[in-house]
Amino acid sequence: MASNPVWVAAALMVVAGFSSFAAGEKAVPCYFIFGDSLADNGNNNWLQTVAKVDYSPYGVDFRRGATGRFTNGRNIVDFFAEYLGFENYIPPFATATIIDTLSGLNYGSGSAGILDETGAQLRLYVAGARKIGVFALGQIGCVPFAIRRYGTNGSASGCAEALNDAAVLFNVQLKSAIDQLQATLPGAQFVYIGSGSDMLMTVRRKGLKALEVLDSPCCTVEAESGQCVPDQPSCPDRSRYVFWDWFHPTEALNSLTAAAAFEAVRPIVAHSSSVGERSMIRLAAAVQAS
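In mature numbering (1 follows the signal peptide of the UniProt record, and there is no 0), the protein residues as written are -24 to -1, 1 to 266.
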């Protein structure tokens, strides 16, 4: 069994679920998550914030219902927990026990941003983090909110390309920072996860038979918050939709994104050919359907 934890920082992403997976050996002993609403699994339930989704129809396809995940089912870090062989999803920091910390914690919080601090990555390193996956910034100009607010200006992609261009510039600097950390921190293994962040654009450009609705939310959305209206029905076939609300992807897109992203981190976590096998199957099926 691997001796070092994996830390995944989910940019623009990010679960109080405790559903069981198929039994198997874990690829890593513990798994810590940092990010925003794309990774949040219940931390915001305990905060005084409007960025809170502990109500229906969120979680309509999740075994425990509305847990605080900003989607209809599993999010990306849930799928990662499955691929890594964890029996349970990583619990949110807000409700975790001391025992939970042995396997990892999810610090994801909706509306979290980049703090004006330095040295945080060095503190993680000193604390023992050695395998760190960092998600690139996704195609933020393609989310329904951005398209409606800024328009597409006739772009071939159907997205607000000015925002996507800004994301590209951010990712160039992010990749440079990761390369520098890799070169200066002995024993650390950093992985820049760009493939998963590109999945949305892949879906838009190539098209996938299953995902047909690209720029409309699956639920009835509140105009001010962009979140689902409480207790209103969602679309009947959620597997066809890319987006759940105005900002967050459905479980269907999360599944494809996680599968692509896990291929990037496989070299630093896989202890056998069986680790992440489900991610390969899911990704291969998506490509075949395109």
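We put the CB at the ideal spot given by N, CA and C, even for glycine.
For a cut-off of 8 Å, the C-beta gap from T71 to G18 is around 7 Å, short enough to register as a contact. Beyond the five residues adjoining it in sequence on each side, G84 comes within less than 6 Å, by CB distance, of V(-11), I9, G11, A15 and D16 in the same chain, given in chain order. Approximately 7 Å separates the beta-carbon atoms of G134 and R180; this is inside 8 Å, confirming the contact. Contact between V29 and A42 holds, since their C-beta atoms are separated by about 7 Å, short of 8 Å. Sequence-distant partners of E198 (beyond 5 residues in either direction) whose C-beta falls short of 8 Å from its own C-beta, in its chain, are C204 and V205.
Counting along the chain, the unbroken alpha helix (DSSP H) around Y126 starts and ends at P120 to Y126. A distance below 7 Å separates the beta carbons of W220 and T47. Out of D174, V36, E1 and E137, the CA that lies nearest to the CA of C195 is found in V36.
Setting aside the 5 residues that flank it on each side, Q208 is surrounded in the same chain by T196, each with a C-beta closer than 6 Å to its C-beta; the list follows chain order. For D54, the enclosing alpha helix (DSSP H) covers residues I52 to Y59. Taking C-beta atoms as the reference points, G44 and I66 fail to come closer than 7 Å. Boundaries of the alpha helix (DSSP H) harbouring L139: E137 to T160, taken from the DSSP string. One alpha carbon belongs to I123, the other to G117, and they sit about 7 Å apart. Cβ atoms of F121 and F223 come within 8 Å of each other, at about 6 Å. Comparing alpha-carbon positions, the option among S32, K107, N82 and I52 lying closest to G163 turns out to be K107. In its chain, beyond the 5 residues on either side, G109, F111, A237 and A240 have a beta carbon closer than 6 Å to the beta carbon of I169. Straight through space, the alpha carbons of A103 and A186 are spaced by roughly 43 Å.
Here I244 carries a helix assignment [DSSP, helix/strand/coil]. If the five residues before and after Q158 are omitted, its C-beta is found closer than 8 Å to the C-beta atoms of A164, Q165 and F166, all from its own chain and listed in chain order. The closest CA to that of M177, considering only I74, L232 and L161, is found on L232.
In this structure, S13 keeps its C-beta atom at 7 Å or more from the C-beta atom of G127. For G109, the uninterrupted beta strand (DSSP E) run begins and ends at K107 to F111, by DSSP. Here T226 is buried, its C-beta having at least 16 other C-beta atoms within 10 Å.
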